[in-house]
Amino acid sequence: MRIGIVGLGMGGATLACLLADDGHDVTVVEQAEDPSPVGAGIWLQALGQQVLERLDLLQPLRAASRTVERVEIVTADGRSLVDLGYDALPGSTAALGVHRGDLFALLLQQVRRRGVPLRLGVPVTGVRPTVGGMTIETADGDLATYDLVVGCDGSRSRVRWSMGVTVRDRAYDYGALWAIVDDPAETATDTLFQCLGGTSTYLGVLPTGCGRTSLFWSVRQRDMAATLAAGLPAWRQSAAAYAGPHADLLDRVEVLLPATYRDVVVRTPYRLGAVLVGDSAHAMSPQLGTGTSLALADAWTLAHTLRTERDLESALAAYARHRAAHLRWYQWTTRMMMPVFQSDLAPLAWPRDALAPLVTRLPGVPGLLVGTLCGDRTTPWTTWRLPG
Ligand SMILES: Cc1cc2nc3c(=O)[nH]c(=O)nc-3n(C[C@H](O)[C@H](O)[C@H](O)COP(=O)(O)OP(=O)(O)OC[C@H]3O[C@@H](n4cnc5c(N)ncnc54)[C@H](O)[C@@H]3O)c2cc1C
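With the working numbering applied, the sequence shown covers 49 to 436.
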């Protein structure tokens, strides 16, 4: 088939490789003129690692990453809320702390190696069905027509918008400022560290290997500009109380960059001739560090159903069916977590701080939590597998 992929991010680049390998005539359309390896550190769970392994990319990624074996959540006044090792679930695979740019560079290299045509610097405004397929629209007119257009254009997807399938598209009040700092001694070791102050403030420290560490600072979207304008010294002063053993890293921050989150739900991720993959279909808050893994799982599943179903309509319906329960679990869980981690609902901090240390030690609970982190749950007790 002639397939147009809109968006060269995590999902789009992965899908381009998979579809090109299956012999489709694939073109990627991306708004950035020069897609470059930028972005914060990401916590890449076992599910995403499985997809990368099938593309033979896990080994090189591991070499540039850090294994994250533990999650430690404390409060600014020194209480331990969660101390969870991936070994709480026998047989589970620990996460990787990955520089987003390193993962993107690997994927981009594979897309280029397969000779997939890239149309860069083209912001897509929508899609519409026309004679001969689905046409990609831009502000300068129609771009091209394909048998299938895949919207991999992230949380603010124009493809989704033009398909008319959105049920919920809400910007969260809170987002994060992030930085990548040099950490040659790798003081952040193998642990994702989070220090919370009430429900509105936290500092996250994620080791990403090769002597680098990512920092995340929770902030209301409407306060981001003011926090940045106040300058790094003022921010360091606020963050110092949350840095615990990582205080030295604050001094190495040279620039803070803003990131926002959305909560997106679609009625169905496809219409005949157009389908959504990744954040375009199910953007969520990054509390569980599963967004990239879910985008990669979508890409894998779509390539699989296009390969195995008898026609395009059945393939898109099978894709939606395969992904539904899995995505529902992660959308629901992240939505439930947001108020206790990043919100103005300050009274929730007290029950959270009182209950978290007890609940997370109850028999069976650490295993359930690690299972959810690994990225393959459809409920606490049932799992999802990559098809094929
Ligand atoms: C602060 C923060 C921390 C995160 N941490 C983690 C984490 O630890 N672990 C994890 O797994 N996930 C994390 N995520 C989520 C993760 O980044 C996303 O889920 C993942 O990138 C989704 O991939 P995607 O391909 O759907 O979208 P993206 O990677 O966002 O790619 C979308 C692409 O589409 C392009 N595009 C957009 N609009 C258009 C248009 N109109 N025309 C053409 N091109 C367009 C964009 O330029 C981009 O290249 C985090 C997100 C945030 C904001």
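Backbone N, C-alpha and C fix where the C-beta goes; we use that ideal spot for every residue, glycine too.
The structure displayed is predicted, hence computed values, not measured ones.
Shortest alpha-carbon distance to residue i belongs to which of the options?
i, options, result
"Pro83", "Met182, Arg167 and Ala142", "Arg167"
"Asp188", "Met211, Ala227 and Gly169", "Gly169"
"Trp348", "Ala68, Ser210 and Arg50", "Ala68"
"Cys65", "Ala236, Val303 and Leu103", "Leu103"
"His147", "Arg208, Ala219 and Ser262", "Ser262"
"Val116", "Leu254, Phe152 and Val74", "Leu254"
"Trp429", "His374, Leu63 and Ala153", "His374"
"Ile51", "Arg409, Gly321, Phe152 and Ala142", "Gly321"
"Gly199", "Val267, Ser391, Ile53 and Gly337", "Ile53"
"Asp311", "Thr353, Arg376 and Tyr318", "Arg376"
"Tyr378", "Pro405, Thr431, Ala404 and Leu396", "Thr431"
"Trp445", "Leu276, Gly181 and Leu129", "Any property of residue 445 remains undetermined from this structure, which presents the chain solely from 49 to 436."
"Gly71", "Arg208, Glu234 and His352", "His352"
"Ala153", "Ser140, Val86 and Gln390", "Val86"
"Thr316", "Thr214, Gly180 and Ser128", "Thr214"
"Gly163", "Val76, His330 and Glu101", "Val76"
"Ala363", "Tyr318, Phe389 and Leu344", "Tyr318"
If you follow the alpha helix (DSSP H) that residue i is in, where does it begin and where does it stop?
i, result
"Trp377", "Leu360 to Phe389"
"Ala68", "Met58 to Asp69"
"Thr420", "Val413 to Cys422"
"Trp398", "Ala397 to Val407"
"Pro108", "Leu106 to Ala111"
Starting from residue i and walking both ways along the beta strand (DSSP E), at which residues does that stretch end?
i, result
"Leu336", "First-last for Leu336: undefined, no H or E at that position."
"Gln242", "Thr239 to Gly245"
"Leu255", "Just to set this straight, residue 255 is Pro in the shown sequence, not Leu. From DSSP, the beta strand (DSSP E) with Pro255 extends over Thr249 to Pro255."
"Ala94", "Premise fails: Ala94 lies in the alpha helix (DSSP H), Ala94 to Arg102, not in any beta strand (DSSP E)."
"Ala307", "Leu305 to Val314"
"Ala143", "Ala143 to His147"
"Asp4", "Residue 4 lies beyond the range of the chain shown here (49 to 436); nothing can be said about it."
"Val116", "Arg114 to Val116"
Using DSSP with H/G/I as helix, E/B as strand and the rest coil, what is residue i?
i, result
"Met49", "coil"
"Leu298", "helix"
"Gly181", "strand"
"Arg72", "The sequence given here has His at residue 72, not Arg. Coil at His72, not helix or strand."
"Val207", "helix"
"Leu276", "helix"
"Ala351", "helix"
"Ser286", "helix"
"Asp213", "Sequence inspection shows Val at residue 213; the Asp mentioned does not correspond to that position. In this structure, Val213 counts as coil in the three-state DSSP scheme."
"Thr123", "strand"
"Leu393", "coil"
"Thr430", "coil"
"Asp190", "strand"
"Gly89", "strand"
If residue i sits next to residue j, beta carbons under 8 Å apart, how far is it from one beta carbon to the other, in whole angstroms?
i, j, result
"Met58", "Gly326", "7 Å"
"Leu421", "Gln97", "With a Cβ gap of about 12 Å, Leu421 and Gln97 do not count as contacting."
"Ala307", "Ala88", "7 Å"
"Gly145", "Arg114", "4 Å"
"Arg300", "Asp230", "6 Å"
"Gln335", "Thr382", "5 Å"
"Ala295", "Trp265", "No, Ala295 and Trp265 are not in contact; Cβ-Cβ is about 14 Å, not under 8 Å."
Would you list the one or two residues that DSSP bridges to residue i?
i, result
"Glu78", "Leu168"
"Phe264", "Trp226 and Gly252"
"Gly321", "For Gly321, which the question treats as bridged, DSSP gives no partner whatsoever."
"Val197", "Gly52 and Ala322"
"Ala219", "Arg310"
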